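Engineer:
There are 2 protein chains.
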Amino acid sequence: MKKLDESLLSDMPPFSKLSRPQIREILDAATPQRYEAGVPVFSEGAPVERFFLLLDGHIRVVRTTPGGDQVIALHIAPGQLFGIGAALGRTTYPATAMTADECLALAWPNRLWLSFTERYDGFATETYKVVGERMGEMHNRIVELATQQVEQRVACAILRLVNQTGRKVDGGIEIGLPITRQNISDMTGTTLHTVSRLLSGWERDGIVQSERRKITVTAPHRLVLLSGPAA
Amino acid sequence: MKKLDESLLSDMPPFSKLSRPQIREILDAATPQRYEAGVPVFSEGAPVERFFLLLDGHIRVVRTTPGGDQVIALHIAPGQLFGIGAALGRTTYPATAMTADECLALAWPNRLWLSFTERYDGFATETYKVVGERMGEMHNRIVELATQQVEQRVACAILRLVNQTGRKVDGGIEIGLPITRQNISDMTGTTLHTVSRLLSGWERDGIVQSERRKITVTAPHRLVLLSGPAA
DNA sequence: GTGGATCGTTGTGCTGCCGCAACATCGGAG
DNA sequence: CTCCGATGTTGCGGCAGCACAACGATCCAC
Chain A
-17 MKKLDESLLS
-7 DMPPFSKLSR
3 PQIREILDAA
13 TPQRYEAGVP
23 VFSEGAPVER
33 FFLLLDGHIR
43 VVRTTPGGDQ
53 VIALHIAPGQ
63 LFGIGAALGR
73 TTYPATAMTA
83 DECLALAWPN
93 RLWLSFTERY
103 DGFATETYKV
113 VGERMGEMHN
123 RIVELATQQV
133 EQRVACAILR
143 LVNQTGRKVD
153 GGIEIGLPIT
163 RQNISDMTGT
173 TLHTVSRLLS
183 GWERDGIVQS
193 ERRKITVTAP
203 HRLVLLSGPA
213 A
Chain B
-17 MKKLDESLLS
-7 DMPPFSKLSR
3 PQIREILDAA
13 TPQRYEAGVP
23 VFSEGAPVER
33 FFLLLDGHIR
43 VVRTTPGGDQ
53 VIALHIAPGQ
63 LFGIGAALGR
73 TTYPATAMTA
83 DECLALAWPN
93 RLWLSFTERY
103 DGFATETYKV
113 VGERMGEMHN
123 RIVELATQQV
133 EQRVACAILR
143 LVNQTGRKVD
153 GGIEIGLPIT
163 RQNISDMTGT
173 TLHTVSRLLS
183 GWERDGIVQS
193 ERRKITVTAP
203 HRLVLLSGPA
213 A
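Chains A and B, in that order, give the protein sequences.
Quick note on the numbering used here: the first sequence kicks off at -17 and runs consecutively.
Quick note on the numbering used here: the second sequence kicks off at -17 and runs consecutively.
(1) Are the C-beta of tyrosine 215 of chain B and some C-beta of chain A separated by less than 8 Å?
(2) Counting only C-beta atoms, is arginine 45 of chain A closer than 8 Å to chain B at any point?
(3) State yes or no: is the beta carbon of methionine -6 of chain B nearer than 8 Å to at least one beta carbon in chain A?
(4) Do alanine 139 of chain A and isoleucine 166 of chain A come within 8 Å of each other at the CB atom, strictly closer than that value?
(5) Considering Cα atoms alone, identify which of B:Lys196, B:Ile189 and B:Ser25 is closest to valine 206 of chain B.
(6) Could you check where the alpha helix (DSSP H) with serine 209 of chain A kicks off and where it finishes?
(7) Given a cut-off of 8 Å on the beta-carbon distance, is the pair glutamine 4 of chain B and tyrosine 110 of chain B in contact?
(8) Report the partner residues of serine 192 of chain A according to the DSSP bridge assignment.
(9) For glutamine 217 of chain A, I'd like the list of residues in its chain whose CB is within less than 6 Å of its CB, leaving aside the five on either flank, ordered along the chain.
(10) What does leucine 207 of chain A reach in chain B if we use C-beta pairs closer than 7 Å?
(11) Check each residue of the segment 170 to 184 of chain B: if its Cβ is closer than 9 Å to any Cβ of chain A, include it; give the result in chain order.
(12) How big is the Cα-Cα spacing for phenylalanine -3 of chain B and arginine 6 of chain B?
(13) Whole alpha helix (DSSP H) runs in the segment 62 to 134 of chain A with 4 or more residues, listed along the chain?
(14) Per DSSP, what kind of secondary structure is leucine 56 of chain A in: helix, strand or coil?
(15) Taking only three categories from DSSP, how would you classify proline 48 of chain A?
(16) In this structure, does DSSP put glycine 154 of chain A in helix, strand or coil?
(17) If I measure Cβ to Cβ from glutamine 15 of chain A and keep anything under 6 Å in the same chain, skipping five residues before and after, which residues do I get?
(18) Have a look at the DSSP bridge pairing and note the partners of proline 3 of chain A.
(19) Would you call aspartate 168 of chain A buried or exposed, if buried means 16 or more other Cβ atoms sit within 10 Å of its Cβ?
(20) So that I know if they touch, is there some Cβ in chain A lying closer than 8 Å to that of glycine 114 of chain B?
(21) What distance in whole Å lies between the Cβ atoms of alanine 59 of chain B and proline 22 of chain B, which are believed to be in contact at a cut-off of 8 Å?
(22) Using only CA atoms, which one of B:Arg123, B:Ser178 and B:Ile54 lies nearest to arginine 195 of chain B?
(23) Under 8 Å, do aspartate 83 of chain A and glycine 148 of chain A count as touching if we go by C-beta distance?
(24) For proline 14 of chain A, which beta-bridge partners are listed by DSSP?
(25) Is there a Cβ of chain B sitting closer than 8 Å to that of threonine 162 of chain A, yes or no?
(26) Can you check whether the C-beta of arginine 72 of chain B is within less than 8 Å of a C-beta belonging to chain A?
(27) Which residues share a DSSP beta bridge with arginine 42 of chain B?
(28) Residues in the same chain with beta-carbon distance under 7 Å from proline 91 of chain A, minus the five sequence neighbours each way, listed in chain order, please.
(29) What are the boundary residues of the beta strand (DSSP E) that valine 23 of chain B is part of?
(30) Check whether the Cβ atoms of alanine 77 of chain A and valine 44 of chain A lie closer than 8 Å to each other.
(31) Chain B partners of valine 53 of chain A, CB-CB under 7 Å?
(32) Closer than 7 Å by C-beta to glutamate 126 of chain B: which residues in its own chain qualify, once you throw out the five before and the five after it? Chain order, please.
(33) What distance in whole Å lies between the Cβ atoms of threonine 107 of chain A and glycine 71 of chain B, which are believed to be in contact at a cut-off of 8 Å?
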């Protein structure tokens, strides 16, 4: 296995305050993992044994209801820790982490969590900051689901994806991971039919441009308008 | 000001592993506060300056949308820490904390957070556990809002209140804080009209019994049935 | 007691969104 | 090349729940 380079981690928030030798130690303790698209990294209810850092690719955090409905709680972008149930005293994962595309991640056994937080100053603070941000994001989703119409929710979801994974291409900004209408409906609590209709409409209006499993936003500002109150 | 007794804290999770002298120190650093019903303890967007422990009463964590809609994210019961933005690296409160009834709380300035976590073993772990639980609860709410019908959501909300604040009285279990139809609609993302209709129906069916600002569940098992899938 | 604010109930009409259904298109496996 | 599963589109009917509206009940301040 080829050695991982320290520069991999030095730009990432949880590690940015650490010295090179410290990063070296952390890297040496990690197990690199490759996952193909559409496979679970860990599953809801499974015992929490490891925590992860996503190096490349995108992860969907998914929950499945007894009734079989799927809800996508959030997306993980490269550079973020995930599966950090250990930090919150959990013994089982609260949700399933599914790869959206091909992913590369580092994994550490849970027992290292404690020593990381003790040994590396700033590590705990930085990761709890991430937890705080994710909580804020979930909070936003709740407000969104509780108060907004479907059209606004879908617009919000797409804007969020654009912000998190957007790539500038000519003619607009493209969402950086493969995404289906079904996926979007799972994010917004609606049906793929309604999403399809909305996107068709927006495409007619020149706001988005979409192909199979790909969406490009051509007029972000107009999408922002749609995401707000109907007024 | 009369001295607070150590037994106040000794049963509460974040402090349960501490010795009496340690609890004494913590208590001596605290400012006790009394709030009447319906007032904000802190407001969304305000700078995070203190964190709190609720001794008595109930707190609603509320978010208000630009459009004026209110959403109640969660309730805080006695014995729980709240306003712990400091632990998550936040500089402003993400939501407003509103008293639901008369409340008694202890407050500490933010700068003590760090020394608490350093000095008192188990304090950080226990509080992050609470964070984890709250996150799980929010996650549940998202799934609920995204997949369930209004009737099921309202049933869920009431069951949650019963679990968190329920008091056994003859004829059923009473929700331990004053609550209006409007409050429930703010928790479930619906209108007070719909909640009123549902409760009227349930009262006819003998599932609940309600007065002004008070709800008593007389047949919890039937409510559980309603909260599940329509099947 | 009186007035006003808060809280609750109930009826009516409308509509946004879902459920169902049928079909088009794409891409990979063999 | 063919078949099949995954994905996307579109039409249509129905209904859950919202908006609007009007009224009743309860509590508090003065």
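Backbone N, C-alpha and C fix where the C-beta goes; we use that ideal spot for every residue, glycine too.
For clarity, every value in this text was computed on a predicted model and none was experimentally measured.
Structural biologist: So, to answer that:
(1) Only positions -17 to 213 of chain B appear in the structure, and residue 215 of chain B is not among them; the question remains open.
(2) Residue numbering aside, residue 45 of chain A sits at position 63 when the first sequence is read from its first letter. Yes, because at least one Cβ of chain B sits closer than 8 Å to the Cβ of arginine 45 of chain A.
(3) Looking up residue -6 of chain B in the second sequence gives position 12. Contacts with chain A at 8 Å (Cβ-Cβ) do not include methionine -6 of chain B.
(4) Position 184 of the first sequence, counted from the first residue, corresponds to residue 166 of chain A. Position 157 of the first sequence, counted from the first residue, corresponds to residue 139 of chain A. In this structure, alanine 139 of chain A lies closer than 8 Å to isoleucine 166 of chain A by Cβ.
(5) Residue numbering aside, residue 206 of chain B sits at position 224 when the second sequence is read from its first letter. Ranking the options by Cα distance to valine 206 of chain B, first place goes to B:Ile189.
(6) Sequence index remark: in the first sequence, residue 209 of chain A carries index 227 (1-based). Membership of serine 209 of chain A in the alpha helix (DSSP H) is indicated by the continuous run 202 to 209.
(7) Locating residue 4 of chain B in the second sequence gives position 22, counting from the first residue. Locating residue 110 of chain B in the second sequence gives position 128, counting from the first residue. In this structure, tyrosine 110 of chain B does not lie closer than 8 Å to glutamine 4 of chain B by Cβ.
(8) To locate residue 192 of chain A, count along the first sequence from 1; it is residue 210. Answer is A:Ile197, bridged to serine 192 of chain A.
(9) In the structure as shown, chain A starts at -17 and stops at 213, and residue 217 of chain A therefore has no counterpart that could be examined.
(10) Your numbering for residue 207 of chain A matches position 225 in the first sequence. Per Cβ cutoff of 7 Å: no residues; leucine 207 of chain A is ~14 Å from chain B at best.
(11) Within the segment 170 to 184 of chain B, the residues whose Cβ lies closer than 9 Å to some Cβ of chain A are Thr170, Gly171 and Thr172, listed in chain order.
(12) Counted from its first residue, the second sequence places residue -3 of chain B at position 15. Counted from its first residue, the second sequence places residue 6 of chain B at position 24. Their Cα atoms are separated by approximately 11 Å.
(13) Counting only runs of 4 or more, we get 93 to 101 and 105 to 129.
(14) Numbered from 1 along the first sequence, position 74 holds the residue referred to as residue 56 of chain A. Annotated three-state conformation of leucine 56 of chain A is strand, per DSSP.
(15) In the first sequence, residue 48 of chain A corresponds to position 66, counting from 1. DSSP places proline 48 of chain A in coil when its eight states are reduced to three.
(16) Working through the first sequence from its first residue, we reach residue 154 of chain A at position 172. Strand.
(17) Taking the first residue of the first sequence as position 1, residue 15 of chain A is located at position 33. Ala87 and Ala89.
(18) Counting from one through the first sequence, the residue named residue 3 of chain A turns up at place 21. Under DSSP, proline 3 of chain A takes part in no beta bridge, so it has no partner.
(19) Here residue 168 of chain A is taken as the residue at index 186 of the first sequence, counted from 1. Here aspartate 168 of chain A is buried. Its C-beta has 16 or more other C-beta atoms within 10 Å.
(20) Here residue 114 of chain B is taken as the residue at index 132 of the second sequence, counted from 1. Output row for glycine 114 of chain B: interface = yes.
(21) Stepping through the second sequence from its first residue, residue 22 of chain B is reached at position 40. Stepping through the second sequence from its first residue, residue 59 of chain B is reached at position 77. Contact between proline 22 of chain B and alanine 59 of chain B fails: their C-beta atoms lie close to 18 Å from each other, not under 8 Å.
(22) Taking the second sequence and counting its residues from 1, one reaches residue 195 of chain B at position 213. Comparing Cα positions, the closest option is B:Ser178.
(23) Here residue 83 of chain A is taken as the residue at index 101 of the first sequence, counted from 1. Here residue 148 of chain A is taken as the residue at index 166 of the first sequence, counted from 1. Cβ distance not < 8 Å, so aspartate 83 of chain A and glycine 148 of chain A don't count as in contact.
(24) Numbered from 1 along the first sequence, position 32 holds the residue referred to as residue 14 of chain A. Its beta-bridge partners are A:Leu88.
(25) Walking along the first sequence from the start, residue 162 of chain A turns up at place 180. By this cut-off, threonine 162 of chain A is not an interface position.
(26) Counting from one through the second sequence, the residue named residue 72 of chain B turns up at place 90. Answer yes: the Cβ-Cβ gap between arginine 72 of chain B and chain A drops below 8 Å somewhere.
(27) In the second sequence, counting from the first residue as 1, residue 42 of chain B sits at position 60. Partner(s): B:His57 and B:Met80.
(28) By one-based count along the first sequence, residue 91 of chain A stands at place 109. So the qualifying residues of the chain are Glu31 and Arg32.
(29) To locate residue 23 of chain B, count along the second sequence from 1; it is residue 41. 22 to 24 is the extent of the beta strand (DSSP E) around valine 23 of chain B.
(30) What you label residue 77 of chain A is simply residue 95 of the first sequence in a count that begins at 1. What you label residue 44 of chain A is simply residue 62 of the first sequence in a count that begins at 1. Taking C-beta atoms as the reference points, alanine 77 of chain A and valine 44 of chain A count as a pair closer than 8 Å.
(31) In the first sequence, the residue the question calls residue 53 of chain A occupies position 71. Chain B residues near valine 53 of chain A: Ile124, Val125, Ala128 and Thr129.
(32) Position 144 of the second sequence holds residue 126 of chain B. The beta carbon of glutamate 126 of chain B sits closer than 7 Å to those of Arg135 and Cys138, all from its chain and outside the five residues before and after it, given in chain order.
(33) Within the second sequence, the letter at position 89 stands for residue 71 of chain B. Within the first sequence, the letter at position 125 stands for residue 107 of chain A. With a contact defined as Cβ atoms closer than 8 Å, glycine 71 of chain B and threonine 107 of chain A qualify at about 6 Å.
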